[in-house]
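A.B. asks: Can you read through this structure? Questions will come right after.
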Amino acid sequence: MTERTFSIIKPDATERNLTGKINAVIEDAGLRIVAQRRIRMTDAQAKKFYEVHAERPFYGELVEFMTSGPVVVQVLEGDNAVARYREVMGATNPEQAADGTIRKLFAKNVGENSVHGSDSAENAKIEIAQFFTDDQIVG
Ligand code: DAT
Ligand code: MG
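Counting along the sequence shown from 1, when you hit position 61 you're at 61 in full-length UniProt numbering, and nothing is skipped either side.
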């Protein structure tokens, strides 16, 4: 089933000039980048995006990190794209991430972990709509 997921290449990765290397892992995994934009996230955008984590102890740190440098927001398309991209990303904590995953290859630690990917098709739709209009996605 072809579906779409939402991805962010985070500030720790853009800072180290890793956008191209991460995109290569994404494309090699059979996912198509159907929308992409480099932005500086505002405080309001980051707070809203991570609203579900508002009660977690790391929320403030997370919002600060996500607004600390450029990010690349993306829409990925492919067969079972949501689950597929979660596999390609690897575990949240890079110490637990499998070999060959983006987080194993590039993440610095559990907070500065290089990429975001939606955790369900429903959340993917919500997240995509926060950053892209339909006409900006070219499948
Ligand atoms: P994921 O990004 O794998 O979906 P998540 O949704 O549980 O993970 O958390 C969102 C982000 O919050 C995660 O990518 C990095 C940060 N985070 C999660 N757990 C953390 C922790 N224990 N300490 C610091 N940051 C954390
Ligand atoms: Mg998550």
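Just so it is clear, CB atoms sit at the ideal spot from N, CA and C, and this is done for glycine as well.
If the criterion is Cβ atoms closer than 7 angstroms, does the pair D43 and E112 meet it?
C.D. replies: Cβ distance not < 7 angstroms, so D43 and E112 don't count as in contact.
A.B. asks: Kindly list the residues whose CB is nearer than 7 angstroms to the CB of H116, restricted to its own chain and excluding five residues on each side of it in sequence; keep chain order.
C.D. replies: S7, I8 and K10, listed in sequence order.
A.B. asks: Can you give me the Cβ contacts of R29 inside the same chain, cut-off strictly under 7 angstroms, excluding the 5 residues immediately before and after it?
C.D. replies: A small fix is needed here, since residue 29 is Ala in this sequence, not Arg. Once the five neighbours on either side are set aside, the close Cβ partners of A29 are R84 and V88.
A.B. asks: DSSP beta-bridge partners for F6?
C.D. replies: DSSP, once it has assigned bridges, lists V75 as partnering F6.
A.B. asks: DSSP on V63, reduced to helix/strand/coil?
C.D. replies: Residue state, collapsed to three classes: helix.
A.B. asks: Near residue 140, what residues of its chain come up, given a Cβ to Cβ distance below 7 angstroms and the 5 sequence neighbours on each side ignored?
C.D. replies: Within the shown structure, residues of the chain are numbered from 1 to 139, placing residue 140 beyond reach of any answer.
A.B. asks: Note down the Cα distance separating E51 from E27, rounded to an integer number of angstroms.
C.D. replies: Near 29 angstroms, if we compare the C-alpha coordinates of E27 and E51.
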